[in-house]
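Please read the structure below before turning to the comments.
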Amino acid sequence: MNFALVNPIQVEYNYRPQSVAVGDFNNDTWMDIVVANRATNNIAVFFGYGNAGLSPTAVTYSTGTNSTPCMVAVGDFNNDNQLDLAVANYGVNNVGIFLGAGNGAFGSQSTLSTGSSRPLWIYVADLNNDKAQDIIVANYGTQSISILYGDGKGKFSNAMTYFTGYDSIPMGITVGDFNNDKHMDIAIANSGTNNVGILFGNENGTFITQNIFSTGYGSHPYSIATHDFNGDNFLDIVVANHGTHSVGVLLGNGNGSFSHSTIYSIGNSIPIAVVIGDMNNDNYMDLVVTNNGTNDIAVLIGYGNGSFRSPTMYSTGSLSSVSVAITDFNNDVIPDIVVIHNETNAIGILLGYSKGFLNQIQYSTGTNPAAVGVGYFNNDTQLDMVVGNYVDNTISVRLGYADGSFGNETIIPVGSAPQALVVGDFNNDTHLDIIVANSGDNTTSVLLGYGTGSFGSQMTYATGLGPSSIAIGDFNNDTHLDLVIANGFQHANNISVLLGQGDGTFGIVMLYAAGNGPWALDVGDFNNDTILDVVVVNSWDSNVGILLGIGDGSFPNQTTYLTGNGPQAVVVGDFNNDGKLDFVVANRGDNSVSVFLGYGNGSFTDQMMYSVGSAPNAIVVGNFSKDAYLDIVVANQGNNDVSLLLGFGNGSFATQTTYSTGLAPNAIAAGDFNNDSLLDVVVGNLDNNSVSVLLHFVGGDLTSETTYASGGGSDLKYVIAGDFNNDTHQDLIVANYGTNNIGVLLGNGTGTFANQINFTTGPNSHPVSIAAGDFNKDGQTDLAVANYGTKYIGMVLGNGKGWFTSQVVYGDSMDFAPLVLAAGDFNNDGQAEVAVAYDDSDNVDVFVAFDTGFFSSQKTYPTGRSPWSLAMGDFNNDNQLDIVVVNNNDDSISILFGYGNGSFETGPTYATGPGPSSVVVGDFNNNTQLDIIVANMNSYAVLVYLGYGNGSFADPIGLLTGAGPSSIVVGDFDNDKLLDFAVANFYANNISVVFGTGQGQFYAPETYATGSWPTAIAAGDFNNDTRLDIVVANNNDANISVLLGYGNGYFSDQVTYPTGTLPAFVALGDFNNDNRLDIVVANSGDGNIGLLLGQGDGTFANQTTFIVGNSPEALAVGDVNNDNQLDIVVANTGDNTASVLLGLGNGDFRKPAVYSTGFLPYFVGLADFNNDKRLDMIVVNYRDNRVSILLGYANLAFVKQMTLITGNGSQPKSFAIADFNKDNQLDIAVTNSGTNNMGIFLSYGNGSFALQKTYAT
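Per this note's numbering, the sequence shown starts with residue 420, numbered consecutively.
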């Protein structure tokens, strides 16, 4: 999408236009605009004429003396289907309303006061679903927003104000349903505090306390807008970050929370405003940003998956564009832009038009590409290429597309100084493989292909000295491909033959004499004996040698023919169509090629020479002119071009035609890259680290080159390919070691890619490897990332649309840095596992994806003073959980009503007795309405509040229990199917059991002795007799008391079990899955929790302790990660945290994850407050006078499942995953670099593997 500036409208200097909005004000189907002029205290309406022209003069309307209008918005405020205007009058603290007549005229202004606030931004929406538009204003100076509710008749309520935070400086507003509760919410760009604030709406049109989401340090967001950018039906947010010269996109989770902001730089420009529109008509929303700076307009094209292309910048001549709107001025169905240039006092219209061409995209090779080859590496009928990178000791594979373009390179390590390569199927699996001649370490690398464009790790074989050229053929007539290699090291004077076994392996090297400096070779049957022969150029002798094969893979004798000076390359072909093979030689020293015609008996004519360019270095032969005759293309290293010599079919050739390439072309290959049945050429350019693709026209001509040049400095370490957004096009994901992120490049199916979308892997993470698999069983591809710097395997979940969400790091780092990953479903459960090899370490670990659970940052709600404990229930029968909190220093309880989305509304308070410390919920009068009982620790009584079922409660009824009732538990202790309760009496050192009548009344209590300072109480069936028993934590005795129940309301005497010091809380659960209740205790004095496993007969084992935070005061039990194992959440009063211990189901727990709470967390609970079938956490913060809600989410991380032993000193470095024994189970192959072998682990299909079998390499 591009834009042209059309008819800028100049207005008087002192008008100072500040804001623009669009609409059809006169109902002529052409879009009009309205501008707020802050200097002249008016608004101006310009009428559109359909050709993007505007009326030469404006109709103006006064906004009042000193009004300084800052922003104008459009709406229908009186429901007459005519557009009206609302203006934020900054100077006089009001909002001006202009009702439209529908003919372009507007009535006089009526004003709405904003009190002491100066309105800076204005937004129109129906907030309370009454079909009447309301107005929301961002106020400067009072750190607030104001809401004026409309009545649908052009009138509005008085302003209702919401505080946005100290120094927040709200600058922009947008509205949407961000938590999918069908109520409108308000999002605010808080420039001063660098965040977005969300006010969640209630069904009555009011809003709860602001929730904040960071936009980044120093970002200072000036503008905000909302849309669903990634098609998940959840609203997302975009902000213009004035301070960091960027645009930030926050993707919504649909529950009122957002992912971390993804940042798009605007360069040196300073963004002011952002708006949303589909600028290129692809049904995906794009962004338009106005800026201060030379490039005052930026357009970011959206991909529909939540990501955007890097901005296209436009300069209108203005240095300050402060407001923007999108519409179609000329009715061409292409969006246009209108902008306000406040420093030039102009209104600019930029008409959109579609260019229809993609910008050039450059792709890198390695350093000094010395060899190039082509083949169908991913079996898609499109030719691919492979390049040997001499300095980098790598090869680069690029997959081709139907238009002749190529995707990004995949880098594969090989030996030292790769000089030449060939392509063939060496293991007879119908997939192409690659063999590389490594001149630096005198080896060849064999890389077996998978048929997907990827390759196994190299297997190396010794050659002669300095291998410089390689060719393939069946030299011993065993139907297996063999290798012949020119050993180009000075005075080596031989060639190497390695006979293939047909399985991708080769025999030991055999050497045969050649001339001086054998540099290049090719093969063919020169004497028509059905046995392959070899032609080799002897560069130092300036001749070629013919070595006739004898059919056993040996070449005993050489016959030589003089060439030009310094021959460098040779290629075989039938140039005169006589059925006898000929060959052509490139002579670097005299800028020529020599053609030798064959007699079919192993002998050749003398050379015929043809001039080419300077320093010819490589040759390819093919029919480039579609005339059935072979032609020659030569890479001229000295001229930076190639020469095309068209063949006449009689062994002679036309004079060269040259075509430009990159710098120092020295490798060449040919193929039909764009499937037009014409041969194209790819050239490796030595000096600018690129490859040039020259696409072919009929007649033997070639187009100008397309160059893929080297690029940036992210220190890319790894790349994988796949379809990550389900559009059937191959995409790429790269590991950017230097910038601590992974990059996603979405393919468009033409061989080009969208700009890289980066997903952080964390500070100093330095990712080095990536593996793809479905780790959460949602059918979409996810990623595992080996983070070398932090020694951690990260998980990034894909949504199938090209977007990925990082999971929260769980657990400690590893002992060794992970080096390489591979993924596969080894236990056939539909969920991939990951195999990991480490740097400088033996053995391989297999990790399984595990839902660790995760809790969001806390969201707090006010209570009374010093809240101590709480309970939960549905008090108003709306099927949503509510909360009751005891306020210790207020002598009250507070009710908070839940909306079912994780948010709460403050409800009524009720007086209690002195020092309330515990609260329970139950239906004590059997009317199906929940009631409340409160224990008042500074008294002798509990209070019973009978509920009405509408969220209100009757006056309390007092019941004497004992001195210092501190904790309550509810249960049917006498098996009469009526609720009873038991109370721990802190000062009396006993418990009281109180029996209910079922009518809201209770009998006198029965008391039982406990230890000293009973602090907490719980009830359960400890001896499996179907009768409730009781356990009490004795704070002063460092023990617990167990009282077994008889089922008739009576209990045995206590039996005590030692705990840690100052046990403060007790809870129950079956933590080892033996169907027996266990007890867990918070040992406040020791900083741990104690687990006492039940024997099922009412007795318990000695405690096992687990370290948590400082002064654990309370705990809760539940399955927070939905793995059907009980977990424990602990409130740590001493360090203001909550610890989450995930249960393993055997009585053991994982190391705790820690979450911040408020100050002095005294109580913690678990419940599902937002109806997402995951437990959320609620914490009572004693010092803050608030409760914290931490919503629970799924979070996958990798945990080690097993170790595969590769042996001492093995140092595994790479993997291949495949079914090697055809049992339909995925096996693992490992290259052990330290012991020079390959290990195979055969899978049993249940997640376990046989011991390693090794094969020497």
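Each residue gets a CB set at the ideal place from its N, CA and C atoms; glycine is no exception.
Rounded separation between G467 and W449 - CA only: Going by C-alpha positions, G467 is about 6 Å away from W449.
Below 7 Å CB to CB, which residues in the same chain sit around A659 once its five sequence neighbours on both sides are set aside? For A659, the CB contacts under 7 Å within the same chain, skipping 5 residues up- and downstream, are P640, Y641, S642, V666, P690, I691, A692, V693, V708 in chain order.
Buried versus exposed, by CB contacts within 10 Å (16 or more), G970: Taking all protein chains shown into account, G970 has fewer than 16 neighbouring C-beta atoms within 10 Å of its C-beta and is therefore exposed.
Going by DSSP in three states, G1658 sits in which element: helix, strand or coil? Of the three classes helix, strand and coil, the one that applies to G1658 here is strand, per DSSP.
Does the Cβ-Cβ distance between L1594 and L1585 come in under 8 Å? The answer is yes: Cβ separation under 8 Å.
Cβ pair T849, T862 closer than 8 Å: For T849 and T862, no; Cβs fall outside 8 Å.
Near N591, what residues of its chain come up, given a Cβ to Cβ distance below 6 Å and the 5 sequence neighbours on each side ignored? In the sequence as presented, Asn is not what sits at residue 591; that position holds Gly. The answer, listed in chain order, is W540, A608, S642, I643.
Residues in the same chain with beta-carbon distance under 7 Å from N1665, minus the five sequence neighbours each way, listed in chain order, please. The residues are N1246.
Given 8 Å, three or more beta-carbon pairs between the segment 907 to 915 and the segment 884 to 891: Counting C-beta pairs with one atom in each stretch, the segment 907 to 915 and the segment 884 to 891 have three or more that are closer than 8 Å, which means they touch.
Residues that DSSP places opposite S642 in a beta bridge: When DSSP reads this structure, S642 sits in a beta bridge with A659.
Please return the same chain residues whose Cβ sits closer than 6 Å to the Cβ of S1123, not counting the five positions on each side in sequence. Any reading at S1123 must be qualified, since the residue scores a pLDDT of 27, below 50, and its modelled position is unreliable; the value itself is stated next. Here the set comprises nothing.
Is V841 helix, strand or coil when you go by DSSP? Note: V841 maps to strand in three-state DSSP.
Helix, strand or coil for V511, going by three-state DSSP, please let me know. In the structure shown, V511 sits in a helix (DSSP, three-state: H, G or I).
Drop a sphere of 10 angstroms on the beta-carbon of S1129, count the other beta-carbons inside from all chains shown, and report buried for 16 or more, exposed for fewer. Bear in mind that the predicted position of S1129 carries a pLDDT of just 19, short of 50, making it unreliable; the figure below should be weighed with that in mind. Exposed is the call here.
DSSP three-state call for D1646: helix, strand or coil? DSSP places D1646 in strand when its eight states are reduced to three.
With DSSP collapsed to three states, give me the class of S1667. DSSP places S1667 in coil when its eight states are reduced to three.
Could you say if the segment 1517 to 1533 and the segment 1444 to 1464 meet the contact criterion of at least three C-beta pairs nearer than 8 Å? They touch, by the three-pair rule.
Which residue comes first and which comes last in the beta strand (DSSP E) that contains V1388? Where V1388 is concerned, the enclosing beta strand (DSSP E) stretches over 1384 to 1390.
Between E1324, L1365, Y1329, which lies nearest to N1344 when the distance is taken from Cα to Cα? Ranking the options by Cα distance to N1344, first place goes to L1365.
Determine, using beta carbons only, whether V1340 and V1402 come nearer to each other than 8 Å. Cβ distance not < 8 Å, so V1340 and V1402 don't count as in contact.
Going by CA-CA distance only, name the one from G1317, A455, S678 that's closest to D1297. With distances taken between CA atoms, D1297 lies nearest to G1317 out of G1317, A455, S678.
I'd like to check one pair, V942 with I914: are the Cβ atoms closer than 8 Å? Going by C-beta atoms, I914 is not nearer than 8 Å to V942.
Residue burial classification, D586 (beta-carbon count within 10 angstroms, cutoff 16): Flag for D586 reads exposed.
Are T982 and G934 close, meaning C-beta to C-beta below 8 Å? Not closer than 8 Å, so no.
If P1084 and V1061 are in contact, beta carbons under 8 Å, what's the gap, nearest whole angstrom? Rounded to the nearest angstrom, the Cβ distance from P1084 to V1061 is 6 Å, consistent with a contact under 8 Å.
Would you kindly work out how many angstroms separate the C-alpha atoms of T1271 and W1432, rounded to a whole number? Approximately 37 Å, taken between the alpha carbons.
CB contact check: G1068 to chain B, cutoff 8 Å: Absent from the structure: chain B. Only one protein chain is present.
If you measure between the beta carbons of V1004 and V991, is that distance less than 8 Å? No; because the gap between Cβ atoms is not below 8 Å, this pair is not in contact.
Measuring only the C-alpha atoms, how far is T1426 from N1467? The alpha-carbon of T1426 is positioned some 14 Å away from that of N1467.
C-alpha distance - E431 paired with N547, whole-angstrom precision: In this predicted model, E431 has a pLDDT of only 31, less than 50, meaning its place in the structure is not dependable; the value taken from the coordinates is given anyway. So the alpha carbons of these two residues sit roughly 41 Å apart.
Three-state class that DSSP yields for G1008 in the structure shown: Helix.
My output table needs one value for G1143: the three-state DSSP class, helix, strand or coil. Looking at the sequence shown, residue 1143 is not Gly but Phe. F1143 falls in the coil class under three-state DSSP.
I'd like to check one pair, V1388 with Q1330: are the Cβ atoms closer than 8 Å? For the record, residue 1330 in the displayed sequence is Ala; it is not Gln. Taking 8 Å as the Cβ cut-off, A1330 and V1388 do not qualify as a contacting pair.
Taking the alpha carbon of A1191 as the reference point, which residue from A1251, D1146, N1183, K1210 has its own alpha carbon closest? The residue among A1251, D1146, N1183, K1210 with its C-alpha nearest the C-alpha of A1191 is A1251.
Which term fits G1081, buried or exposed, when burial requires 16 or more other beta carbons within 10 angstroms of its beta carbon? It counts as buried.
Determine the burial state of S876: buried for a count of at least 16 other Cβ atoms within 10 Å of its Cβ, exposed for fewer. Looking at its Cβ environment, which holds 16 or more other Cβ atoms inside 10 Å, S876 is buried.
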